[in-house]
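Asker: Got a structure here, written out as structure tokens. Questions coming.
Residue numbers (our numbering): 56 to 487.
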């Protein structure tokens, strides 16, 4: 009887949680049919570490498209921070694949008047799902007129990598990995005819002495160059995050940076091999070492300088960057059985203050998020998502796990928020 009552109680709590998931804090907004956007790679929408929690996001002049609730794409109007789901079907419940907003995407960007997204979902044809592997699709800004643009796998489902990163688009070129090899292909091209191997076992640069059967790439682009970060094995048995540049005009791949040793930048709270956060802009890499300050390196000369001693503000933290700001949150690595899981990853807890710096390292402002912890009793962490203009977007996670008979149930309660750098005002955009 007690078990039945507990089960009934959990069902009620879960239904209440799901009901709150559908509450749109900001309200609906009409999505402009035509929106302006550069064809350049959006650096601030593609942060290296901090946004693994909400990494599917792209920006236009008028707003943002972001993936929430697992697979659904939402549109946020910049001027009002109002939000609407990318589905115009009347009476749609937005809870299964019949919803027009269910994109099930692995990557998302805007270019040339279209939304582009990568997906490996099967396609329903004549009543059966057909596996085309990873493909690039496009759609209008209101989510309609979807169509396949090009294949991103030579053999559907044939990618042998254990981890598939996001492909990226930059100035009419799509960069993507397949089975450990990094490729470049014109937007809309034929993978069999137009894909060019940049780096990896099949590329011209494979003889660099690296033994990487299936490297894990983090892709980037800035100006005329494309960049990729790979964790490279060292002769002493350790690994180091190593950055390469690719010149599409010459086809040249060059190693331009690697995570500095502790004796170069001092001790930092990290595994010693992975940079906590990085951002390439104008020939420099800006990076943060958790517990070890903001730095930048000139990619031409290799000169590394400290921008800001963040120990003055916080011992640990996670960071996001933009073309104007370095933003640091004072969250801490989560301690699980004596191990700090947040080191080198994104399992951090807490975070009630954001410290904002300029690209020169000058301290600008301290932004308090403490009011959210007063509002949500179960709030455990705030996670940075991205920075655009004078707004910093983050998620407040007040999810609660309950247990019954040794079985855990997670009652989700997450709130997408933004805080304005100039005013310090916090806006709650959407909760799910």
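For glycine and all other residues, C-beta sits at the position ideal for the given N, C-alpha and C.
If you're wondering where the values come from, they're calculated on a predicted model, not measured in any experiment.
Between 90, 94, 118 and 102, which has its C-alpha nearest residue 340's C-alpha?
Answerer: Looking at the Cα atoms, 102 is the closest of the given residues.
Asker: Quick check on residue 164: buried or exposed, where buried means 16 or more other Cβ atoms within 10 Å of its Cβ?
Answerer: buried
Asker: Would you mind reading off the limits of the beta strand (DSSP E) that contains residue 353?
Answerer: Residues 349-353.
Asker: Measure the beta-carbon distance from residue 422 to residue 411 and round it to whole angstroms, keeping in mind my assumption that it falls under 8 Å.
Answerer: 7 Å
Asker: Using CA atoms only, rank isn't needed, just tell me which of 301, 416, 211 and 93 is closest to residue 254.
Answerer: 301
Asker: What does DSSP give as the partner residue(s) for residue 342 in the beta ladder?
Answerer: 333 and 350
Asker: Out of 437, 336, 430 and 417, point me to the one whose CA is closest to residue 372's CA.
Answerer: 437
Asker: Candidates 280, 208 and 271: which alpha carbon is nearest residue 246's?
Answerer: 208
Asker: Check the C-beta distance from residue 409 over to residue 383 and give it rounded, since I have them as a contact under 8 Å.
Answerer: 7 Å
Asker: In terms of alpha-carbon separation, which member of 143, 134, 345 and 415 lies closest to residue 387?
Answerer: 345
Asker: Between the Cα of residue 366 and those of 460, 338 and 322, spot the shortest distance and give me the residue it belongs to.
Answerer: 322
Asker: Using only the alpha-carbon positions, how far apart do residue 418 and residue 124 sit?
Answerer: 35 Å
Asker: Give the single residue among 195, 309 and 178 whose Cα lies nearest to the Cα of residue 188.
Answerer: 178
Asker: Between which residues of its own chain and residue 211 is the CB-CB distance below 7 Å, once the five residues before and five after are set aside?
Answerer: Around residue 211, the same chain offers 186, 187 and 188 as residues with beta carbons nearer than 7 Å, after the five sequence neighbours per side are excluded.
Asker: Determine the burial state of residue 290: buried for a count of at least 16 other Cβ atoms within 10 Å of its Cβ, exposed for fewer.
Answerer: It is exposed - the Cβ of residue 290 has fewer than 16 other Cβ atoms within 10 Å.
Asker: Helix, strand or coil: how does DSSP classify residue 204 here?
Answerer: strand
Asker: Let's test the definition: count the other Cβ atoms within 10 Å of the Cβ of residue 470 and tell me whether it reaches 16, buried, or not, exposed.
Answerer: buried
Asker: Please report the distance separating the alpha-carbon of residue 152 from that of residue 158.
Answerer: 8 Å
Asker: With DSSP run on the structure shown, which of helix, strand or coil describes residue 91?
Answerer: coil
Asker: Can you find at least 3 beta carbon pairs, one from the stretch 82-97 and one from the stretch 222-238, that sit closer than 8 Å?
Answerer: yes
Asker: Tell me, to the nearest whole angstrom, how far the beta carbon of residue 293 is from that of residue 310; I am working on the premise that it is less than 8 Å.
Answerer: The Cβ separation is near 17 Å, so there is no contact.
Asker: By alpha-carbon positions, which one of 303, 473, 237 and 162 ends up nearest to residue 284?
Answerer: 237
Asker: Determine whether the beta carbon atoms of residue 446 and residue 486 lie at a separation below 8 Å.
Answerer: no
Asker: Roughly how many angstroms lie between the CA atoms of residue 466 and residue 456, to the nearest whole one?
Answerer: 6 Å
Asker: In whole angstroms, what is the alpha-carbon distance linking residue 134 and residue 167?
Answerer: 22 Å
Asker: Roughly how many whole angstroms lie between the Cα atoms of residue 348 and residue 374?
Answerer: 10 Å
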